[in-house]
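The opening position of the sequence shown corresponds to residue 73 in the numbering used here, with each subsequent residue numbered one higher.
From the three backbone atoms N, C-alpha and C, an ideal C-beta is built for every residue, glycine too.
Shown next, in structure tokens, is the structure this report addresses.
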Amino acid sequence: MLGIGLVNLAAISFPVITLLIWIHDLTPPIWIITISAFLLEIKFLLYFYALKYFGIYFAIMIGVAQKKFSFLVILVIMVLAFVYSLHLLLRPTSEYSYNQPSYTDDANNPGILFQHIN
73 MLGIGLVNLA
83 AISFPVITLL
93 IWIHDLTPPI
103 WIITISAFLL
113 EIKFLLYFYA
123 LKYFGIYFAI
133 MIGVAQKKFS
143 FLVILVIMVL
153 AFVYSLHLLL
163 RPTSEYSYNQ
173 PSYTDDANNP
183 GILFQHIN
């Protein structure tokens with residue numbers, strides 16, 4: 073239950089920090105916005121813990137996580153490495169603008185991708 077308390081504390085403190093940065097007329101870094109959104113989504117999922125139907129599954133997941141924490145850490149590191157690799161692979165390599173799309177040979181250029189979708 074300590075983990076749930078820490079998630080609740082982080083889910084409250086990160087958005088408050090982001091808000092304070094934003095109030096002082098500064099654009100908050102994208103990473104703090106991302107972490108805030110992620111923690112708020114996790115907090116929303118933890119509300120289902122109180123429901124009878126979902127509570128059983130959350131109890132199973134938390135029980136397994138407590139016993140197999142090291143496995144989950146390795147799994148999370150592997151998933152994050154995969155996500156980061158895909159981000160590096162699929163990000164545009166040239167500057168682009170949505171208002172004035174440039175037609176380059178970059179396959180990951182959002183302007184070119186948009187034309188292929190339509």
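Pick out whichever of P100, E113, W103 has its Cα sitting closest to the Cα of N80. The residue you call residue 80 lines up with position 8 of the sequence shown. Considering only alpha carbons, the answer is E113.
If you measure between the beta carbons of I104 and F86, is that distance less than 8 angstroms? As a working note, residue 104 is residue 32 in the sequence shown. As a working note, residue 86 is residue 14 in the sequence shown. For I104 and F86, yes; Cβs fall inside 8 angstroms.
Nonlocal neighbours in the same chain, by C-beta distance under 8 angstroms from I132, ignoring five residues either side: Taking the first residue of the sequence shown as position 1, residue 132 is located at position 60. Cβ within range, chain order: n/a, list empty.
Please classify T90: does DSSP put it in a helix, a strand, or coil? The residue labelled residue 90 in the question sits at position 18 within the sequence shown. Helix, per DSSP.
According to the Cβ coordinates, are L147 and A137 closer than 8 angstroms? Counted from its first residue, the sequence shown places residue 147 at position 75. Counted from its first residue, the sequence shown places residue 137 at position 65. The answer is no: Cβ separation not under 8 angstroms.
Proximity to L118 [Cα-Cα], best of I134, H96, I107: Along the sequence shown, one-based indexing puts residue 118 at 46. Residue I134 is the option with its Cα nearest to L118.
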